[in-house]
Amino acid sequence: MGYPFELPELGYDHDALEPHIDARTMEIHHGKHHQAYTNNLNAALEAHPDLHGHSGEQLLAELAHLPEAIRAAVRNNGGGYVNHKMFWAIMAPGGASEPSGELAEAIDGAFGSLDDLKTAVGGGAAKQFGSGWGWLVVGSSGGLQATATANQDNPLSDGAIPILGVDVWEHAYYLNYQNRRPDYISAWWNVVNWDVVAANYAGAKG
Ligand code: MN
Numbered sequence: 011m012g013y014p015f016e017l018p019e020l021g022y023d024h025d026a027l028e029p030h031i032d033a034r035t036m037e038i039h040h041g042k043h044h045q046a047y048t049n050n051l052n053a054a055l056e057a058h059p060d061l062h063g064h065s066g067e068q069l070l071a072e073l074a075h076l077p078e079a080i081r082a083a084v085r086n087n088g089g090g091y092v093n094h095k096m097f098w099a100i101m102a103p104g105g106a107s108e109p110s111g112e113l114a115e116a117i118d119g120a121f122g123s124l125d126d127l128k129t130a131v132g133g134g135a136a137k138q139f140g141s142g143w144g145w146l147v148v149g150s151s152g153g154l155q156a157t158a159t160a161n162q163d164n165p166l167s168d169g170a171i172p173i174l175g176v177d178v179w180e181h182a183y184y185l186n187y188q189n190r191r192p193d194y195i196s197a198w199w200n201v202v203n204w205d206v207v208a209a210n211y212a213g214a215k216g
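Okay, so the sequence shown: first residue is 11 according to the numbering used here, each after it adds one.
Written out as structure tokens, the structure reads:
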């Protein structure tokens with residue numbers, strides 16, 4: 011769970027999400043970018059053994075209380091580590107292609123419909139200036155909300171619990187989509203595994 015952090019397995023082949031996400035993008039994104047966030051997070055924490063038992067999620071939630079010398083490094087690389095761990099998991103192929111049960115009811119209640127959720131989360135992600143993420147979160151009041159963050163910032167640092175995140179850094183889509191971020195986001199919904207999102211929702215609700 012904690013230090014030293016290790017690159018999580020993808021759990022599926024690099025080409026499993028084609029044609030929506032190409033194999034080369036997955037290879038570089040997982041093997042190079044996520045590995046770099048993982049290595050840099052470990053380097054930041056190396057000299058802070060008191061934090062070695064903390065999970066990545068815990069570190070992001072307690073960001074404001076971390077030593078100033080490593081706060082920015084944990085924000086960026088701890089965010090990169092945690093964000094991508096969720097990203098690979100919620101894209102796993104073969105799961106439910108749309109939400110059901112309690113999650114579906116919560117989505118309908120908060121947004122009106124799944125399409126409205128996609129518009130809210132995807133629209134926020136499309137408009138995020140520069141690099142960042144679009145999120146579906148369980149807010150402090152317990153309700154579902156669409157948000158977006160810059161860079162590798164994670165909603166946990168603002169007291170919300172993310173259950174779905176779409177990476178809109180150019181490294182996530184540039185090889186296949188170039189400047190067409192909205193096209194990438196539209197295609198991305200095809201590879202979301204709603205079983206995993208539902209499990210995240212159940213976990214977030216406690
Ligand atoms: Mn990324």
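Glycine included, C-beta positions come from ideal geometry on N, C-alpha and C. Since the structure is predicted, the reported quantities are computational estimates derived from the model, not experimental observations.
N-terminal and C-terminal residue of the alpha helix (DSSP H) that residue i is part of
i, result
"V131", "124-137"
"L55", "45-55"
"L69", "66-71"
"V92", "89-100"
"I80", "78-83"
"Y187", "184-187"
"E37", "33-38"
DSSP bridge partner residues for residue i (one or two, in chain order)
i, result
"P172", "V147"
"D177", "W143"
Identity of the residue in the options nearest residue i by Cα
i, options, result
"R85", "G213, V178, A160, T35", "A160"
"D60", "G90, K42, A136, P14", "P14"
"Y194", "A214, A208, W143", "W143"
"A53", "E16, A102, M36, Y184", "E16"
"L185", "L27, D32, M11", "D32"
"D168", "E37, N87, E67, M96", "E67"
"L113", "E72, W179, A209, G216", "A209"
"L20", "M36, L174, M11", "M36"
"A46", "A83, S123, H64", "A83"
"G41", "N200, A182, G122, G63", "A182"
"K137", "W199, L174, G104, W179", "W179"
"G104", "L27, G12, S65", "L27"
8 Å contact criterion, which residue i and residue j should meet: CB distance rounded
i, j, result
"V148", "Y211", "7 Å"
"A102", "G153", "Contact flag wrong, Cβ pair sits at about 26 Å."
"P18", "K95", "5 Å"
Residues of its chain near residue i, where Cβ-Cβ distance is below 8 Å and the 5 sequence neighbours each way are ignored
i, result
"P165", "W145, V147, T157, T159, I171, P172"
"A106", "N203, W204, D205, A208"
"L70", "V84, R85, G88, G89, V92, N164, L166, S167"
"P109", "I117, L124, W204, V207, A208"
Cβ neighbours of residue i in the same chain (closer than 7 Å, five flanking residues each side left out)
i, result
"A197", "H30"
"Y187", "D193, Y194"
"S151", "none"
"F97", "G175, D177"
Bounding residues of the beta strand (DSSP E) (the contiguous stretch that carries residue i)
i, result
"L20", "Careful: L20 lies outside any beta strand (DSSP E) and carries neither H nor E."
"L154", "154-160"
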